[in-house]
Each structure stands twice: as structure tokens, then as C-alpha cells.
Ligand code: 0A1
Ligand code: ZN
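Residue numbers (the numbering used here): 9 to 861.
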């Protein structure tokens, strides 16, 4: 492997800057290929840095420097040391107690295909500055602990000229809240706005605006409603009010991530804003609600209190994800939301934690920070907050958060500050708990039950497997929520929270007449792998009786998973008792349809693969695909008489509404449709497709047909109907790649990659084809290695124009060690080919290097 040239940045090397910044004035003269940016920056000495005199070091990439001055004195060109990463002005030209820096630079937004800094998207100017994009706009100490107020003037022809803060005049903006440069934003273009207002708890009138392309205004109502609900929720649940006169959201089509929380001017990937019943599914509506909330919540957790350095990313992301998850639970159903979140966590974060890219929630080193916007930082980061809340209790959690906002408003903080507010607010020592931030890997908790002399005891042990760079692990504080069920399914004792802090620990749970059935790790109270030998009868019992929705679902899911593993590895048989149990759940009208949809949906091929790997076996993607198909066919046959009724009962009358209840019904109807399609040759699905008046019904019918190896007519009709709507067209690409049968998959995606609408330079379009294909295990892991070659070809091509998205997608190869020798050789061959590519970005080089180990 080619050694990477880029330096490693370490948390232990953190040093405050030599100069702080108080104010920034920016003036933009917009031009698609030659935008001029003038910056006037007031620097102040950092009194704690007595190790001077200090040079002035400013970050800057791809900038053409026109002029620079300090306190009005032009700096001679030969006194400026400039390289690819920035410039240095020697200390003798830098007044050490503070000075005003003025510079003019020229940049080329049209040439910016990496979508970091200032770039063009469909004729509009927009920015992305997190993590280090501001340095592509002008020279600056581009680090989050440097916080300043910003004044911005934008000159350009566009009718809409936006930046952060409050609007003073057309193109003139003032942001009174000191912020790091990564929260800077600018948007200019021919945009239309969808407007509303919000009055905060203390009576501040806030104008709300969502900016979109002309014609898309009628797809903003849901996002606006979600925004208003988020604003209210943050006031009610966290006591946090909005702090400007204006809150704006802009939808852009070319965006590397989901959305960005720039102060007062959130920029969104258009697919997470625009929604109508005809174009967006129930899942899209829920995601839009969650992401709108997430970005809005950052106003306090991220913007008012930001991160001292990028190692502290989880300080804002873990907390903000936790907040958006709670919000969605409050808006919909906590039980169902928890199942969904854990599925994501296991599918993405456990996978990451078990492979070569494993890293702690607070990493200690990186080469490219953009590579650390990971499931571990975000999702495991949120789990850590959830555990903390569970351990200290709801009231103490609120007390600690109040203290956090009081104490640190306007500051750039670390995890140490965060932990300290909990220690100070609760008096609890969190030194051991803090290991969750530094120790990578998913802990394994083993359970042994003992019932002796009428007393019931749980013996728990914990261990965390080694991860790269961390061979030895210490015990963590693991909150284990436990319920005990009596033989009739009732709760035999009040539920308890056990705190597992040692490697091995026993918990005497009291005296009982008969051995209770434990329901362990209720609500998935900690992000661990639970190992507990439970027989199928107990699983069926828990599936029928557990009052905890998560564990009720988990019992059925584990039952199915064990069976599928046995089928895939040993040609094992289908257990009739499972079919009985799941049949009963499917028809149980006392249960929420959304819950039933999760319970009846089988574990994914990815989940079955992980379960096989956990047994130390090699997964065979075809056998897994076959086992899953066989079990769902058996389920369909078992429920044959009831499926049509269930399907009919779950139809929602009246105009489409994305609310949780209607969405839950449609989710169960779609599960039923998937099973029905196995019995009726696609008749019901074809009918649903023809009659669908909303995207949820239309696409679920198409998916069922494609999975059955059919649906060609419908796919063509879908394309014709939606070819001018990019967000829907992405779905068309994705559904064909993800639902393709193993044999057909590669041909289909190869053909789609030559489709005139496969505009691969657009990250959404690229992801919509390449991602779902690589997550379709039996199609991707073809034994001839052509799936791997396809992915590698596209990663190499994309890296030349967009390193960030390429690096993220290179992570699709992270599981190569799970597979047999032949596949391992094929995958590593492709990884080496990528690594050896000339001028490979440091983003992709870091990821591929780590995956290869
Ligand atoms: N902070 C944003 C996501 C985001 C992160 C990185 C980006 O570029 C590297 C862009 C956006 C969020 O959490 O929503
Ligand atoms: Zn975020």
C-alpha cells in the first residue's frame, strides 16, 4: 500500500491559538469563475500563549491571494510564505498585541466539484464550511475554538443573497452571535421562499423562510411544520429559545451530506426538505422531520455551545442526535422509534466498531476530519447520552443540561466540560463512565441466570473485543434495564436498572415462588451485544408477553435470526412454532401496526451475516439470501388465509397524511404485500402500483415486484412519470439496485450506470445507485469479484472530483475480513488498486489504508 503523505492530527497536540478573532467583515463580489472575497479580521492576542513572538498562520486552500495588509500596511509578497495549506506572516510583521488583517482573494466556485467551501449547484451559489471548508473561501484561523461575530456584504445579480444572522438590507447581513467559521454560510441565486412565522416563549417574533427553486414551493409545508414543532419542543423540553429574528433553510441539489446547521441559515440536501404525498414516502416524511429537528437543535447544541476542536465532534453530534431521536419519539412512538434506531445502530455502528475503521466516540487522531462524521460519533455518541440520562435520571439530566447551557453559552467546549456539568449537577463520579468516549468496540455482555432456594440472581459479565490500536479494554459502566415476567406474562417485580461496572457482577433480584422469565436490556438500555442462551419457547413467550416494546420485538427478531443462521449454515429447518408466534403478532390488533410491521419483517441479509460472523463462521451471501427467501415464503404460506384481510384492513382511507398512525398502517400493509407477492405472482402489487395516489404505495408495490424478479413494465412507467423529478428518480435508481435478485444485480447496475440520467457527479445520484448495490449482499459479493470491481471503478472515478463522498463510500468495503479467502483476495485486490491510484485524495487514502490494515 502506498504510504499516506498527509500528517496525522492528534488530540494530545491541541494548543490554543496565538491570536483570537473578535470580528470578521466579509465582502463577496460573486462571479461563477472569479469570485472576489475581501476579509477584514480583527485579531487579539491570546494572553495565555506566553511563548511568543508568534507568526500569523492562516489556513487557506485553492485561494489566489490578491492583496494583504496588517493595520493598513500592505504586506510585501515576498514576506508571505504560502503553501497548499495556507500562509504564514513572520512575527516581526505581526503586532503581537492585536491587529487588523485585510486580504482580498479570488476563488472559482464553478471549479469546486468537491462541494466544500463556495460552490455552484444548478446555477446557485452555496457554501459548505464544516469541517474545514471556510479555508477555501478566505485565509482564516479555520478552527472551531476561534469564535467571532460576522458581518457580510454580498454583491451579485441574484435576487436572493443570503448569509447568517439578521438581514440589514439586500445582501447585507449581521450575525451578533460569535461563531466559528465552520458555521458560516452564503447562498445566492434565483430562489423562491415559502414563509411562515414563529413566536418564541418570551415573545420574540421570528420569520421563517424555506428557500427553494421556483416550482418547489408546494413541497415545503411539511418541513416548515416540522420546524415549528421543533422550535416549540426545544422550548418545552430543553428550555431553549431561538435567538435571531430570522431562521432560514435552503434546499440544494448538490450536497455531500444530509444538511448543515449554519447559524440562522441551515443548508439542506433538497431530498431532506421537499416532500409531497406524490413524491415522498412515509419514511421520507419521518426523515425530513428528524433532520429538520436535528439541524434546528444544533442552534444550542453546536452553535451557541460549540466544539473546542474536531476531536470533540460528538459533543455536538451525539447530543443533537439524542435530542432529535427523543423529539421523533415524542412526535410518534418511542417504542417503534427505538427499534428503528437500534436497527440503524447495529447495521452501521456495530459494523463499524467490529471492523478496521473502529474508533472511539471521541477519536484521538485523524488524517482527514471529514472521515470522522461516522456512525460511531453520531449514533454511538447519542447512545452514550441516553445511558447518562438513564443513570442520573430525568430530573438530574435536565439539571445538568441547564447547567451546561448556563455555564458554557458562547464557549467552545470539550467532553471534559460536558462530563463536569453532570458531576457538578448530580454529585456523581463519572470517571469510569467517561471510558465510553475513549474506548472503541462494542462490549459483549453475557448473562447467566440462577434460581436457587427461591432467590433469583443474574450473573452478568462484560468484555470488549480488541480494536485497531486498542488491544486491551477496561470495564465500562453499563446500565442494564431488567424486567421479570411471571408465568402468566405479568410483571413479577418492578423493573430495575442494574449498573454493571465490573468485569463480572452478580445481582440478587429477590425471592420468587417460581423462576421468573427475565427481559434483559429493555429499551436497549446500552449499546452492547447481549449474549444470553434463551430457548425458543422463552423467545415466543417474550414475543407474546413482554411489556417492553423493544424486547418484545427483539425476542421475535432473535428467534428468526437464529433460525436463519441455522438455515444458511446447516440447511436447518423452519420452526413451525416461530410461524405460529409471528402469525399471532401480525394479526394482533391490540398492537400498533408500525410495531407489527417491524416484528413481521425478517432480519436483513446484513444482520444475518453479522450473526454468522459472530459465531466465527464465514457467511455465504447466496445461502443467506436463499434462507431469507425460504422463510418469508413459509411465512406467506402460513398466513395465506389471513394476508388478504390484513392487507385490506391496513388500507388507509381518505387523503394521504404522513402521520405516524397512517404511516404505521401502510408499513404493515407493505409487509403484507411483500408476502402476498410470493403467493399471487404479483397481482396485488401490480394493482397497488396502478392505483397508487402516493409515493409510499407506489414504490412499495414496485419494490415487491422487483424483488420477485418482475416489475419491468412498472419500472418503465415509473421512470416515465418521474423522469423530471430528481429526488424521485434517485429512488428509481436505488430501488432497482437494492431489490435486484442476486444474478441480475450486476447487469442491472451496469446498465443503469450508462443511463443518460446517471449524473454521477451529483452525490445523491451517485449514492442512489452505487450504495444500494453494495448493500445488496448476494448481488455485490458475486464470487467472480465483478461487483467489487464495479464499486472500485466508480470510487476511483469519483475521487478525482469529490473526495469526501468517495471516502465515505469506500467504507462499503470495511467488512472484507468476514468473507472467505477467495472473496478476501478479490476485495483486497480492488482496495489496493484504489490505494495505488495516482493523486488519490487523502480522504480516500486514509479510509482505504485503514481498511487494508
Ligand atoms: N453537522 C451536520 C452534518 C455535516 C457534517 C459534515 C459536513 O461536511 C463534512 C456537512 C454536514 C449535521 O450533523 O447535520
Ligand atoms: Zn449534526
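Using N, Cα and C, we set each Cβ at its ideal position, and we do this for glycine too. On a predicted model such as this, the values are computed, not experimentally measured, just so you know.
Check, Outcome
"Please find out if some non-hydrogen atom of the ligand 0A1 comes closer than 7 Å to the beta-carbon of residue 302.", "yes"
"Roughly how many angstroms separate the alpha carbons of residue 703 and residue 660, rounded to a whole number?", "14 Å"
"Out of 521, 510 and 569, point me to the one whose CA is closest to residue 493's CA.", "521"
"Decide yes or no for the touch test of the segment 697-715 against the segment 664-678: beta carbon pairs closer than 8 Å, at least 3 of them.", "yes"
"If I measure Cβ to Cβ from residue 832 and keep anything under 8 Å in the same chain, skipping five residues before and after, which residues do I get?", "824 and 825"
"Should residue 264 be listed as close to the ligand 0A1, given that the test is whether its C-beta is under 7 Å from any heavy atom?", "yes"
"CB residue 838 to CB residue 797, shorter than 8 Å?", "yes"
"Please determine whether the Cβ atom of residue 280 lies at a distance below 7 Å from any heavy atom of the ligand 0A1.", "no"
"Which runs of the alpha helix (DSSP H) at least 4 residues long sit entirely within the segment 790-852? Give them in chain order.", "794-807, 811-818 and 829-843"
"Inspect the beta-carbon positions of residue 856 and residue 835 and report whether they are closer than 8 Å.", "no"
"Specify the secondary structure class of residue 135 as computed by DSSP and reduced to three states.", "strand"
"Can you grab the Cα-Cα spacing for the pair residue 156 / residue 225, in whole Å?", "34 Å"
"For residue 125, which residues does DSSP report across the bridge?", "136"
"Going by the DSSP bridge assignment, what does residue 469 pair with across the sheet?", "454 and 512"
"Contact check, residue 288 vs residue 275 under 8 Å by CB: the rounded distance?", "That pair is no contact at about 19 Å."
"What distance in whole Å lies between the Cβ atoms of residue 260 and residue 284, which are believed to be in contact at a cut-off of 8 Å?", "Going by Cβ atoms, the distance from residue 284 to residue 260 rounds to 19 Å, so no, they are not a contact pair."
"Excluding the 5 residues flanking residue 10 on each side, which residues of the same chain have their C-beta closer than 7 Å to its C-beta?", "Confidence is the limiting factor: at residue 10 the pLDDT is only 42, short of 50, which leaves the residue's position unreliable, though a coordinate-based value still follows. Closer than 7 Å at the Cβ level, and outside the excluded window around residue 10, lie 843 and 844."
"Is it the case that the Cβ atoms of residue 488 and residue 517 are separated by a distance below 8 Å?", "no"
"The alpha helix (DSSP H) spanning residue 46 covers which residue range?", "Where residue 46 is concerned, there is no enclosing alpha helix (DSSP H), although the beta strand (DSSP E) it sits in stretches over 43-53."
"Pull up the DSSP beta-bridge partners for residue 475, would you.", "478"
"Given residue 594, which residues of its chain have a CB within under 7 Å of its CB, disregarding the five upstream and five downstream residues?", "604, 608, 647 and 654"
"So the alpha helix (DSSP H) residue 547 belongs to, where does it begin and stop?", "544-553"
"Is residue 328 near the ligand ZN, with its Cβ less than 7 Å from a heavy atom?", "yes"
"Less than 6 Å between C-beta atoms, sequence neighbours within five positions excluded: which residues of the same chain meet that for residue 12?", "Note that residue 12 scores 45 on pLDDT, short of 50, meaning its location in the model is unreliable; the coordinates nonetheless yield the value given after this. Around residue 12: 853 and 857."
"With DSSP as the reference, identify every bridge partner of residue 459, one or two as the case may be.", "464"
"With which residues is residue 256 paired in a DSSP beta bridge?", "217 and 273"
"Can you tell me where the beta strand (DSSP E) holding residue 161 begins and where it ends?", "156-163"
"Check this for me: beta carbons of residue 53 and residue 27, under 8 Å apart or not?", "yes"
"May I ask you to verify whether the segment 432-451 touches the segment 466-485, counting CB pairs closer than 8 Å and requiring at least 3?", "yes"
"Could you check what DSSP says for residue 174 in three-state terms: helix, strand or coil?", "strand"
"Give me the DSSP bridge partner(s) of residue 94.", "67 and 91"
"Tell me which residues share the same chain as residue 651 and place their Cβ nearer than 8 Å to its Cβ, disregarding the 5 neighbours each side in the sequence.", "644, 680, 683, 684 and 687"
"Quick one, are the C-beta atoms of residue 741 and residue 777 less than 8 Å apart?", "yes"
"Can the beta-carbon of residue 420 be found less than 8 Å from the beta-carbon of residue 152?", "yes"
"Indicate the three-state DSSP secondary structure (helix, strand or coil) for residue 22 in the structure shown.", "coil"
"Which partner residues does residue 81 have in the DSSP bridge list?", "78"
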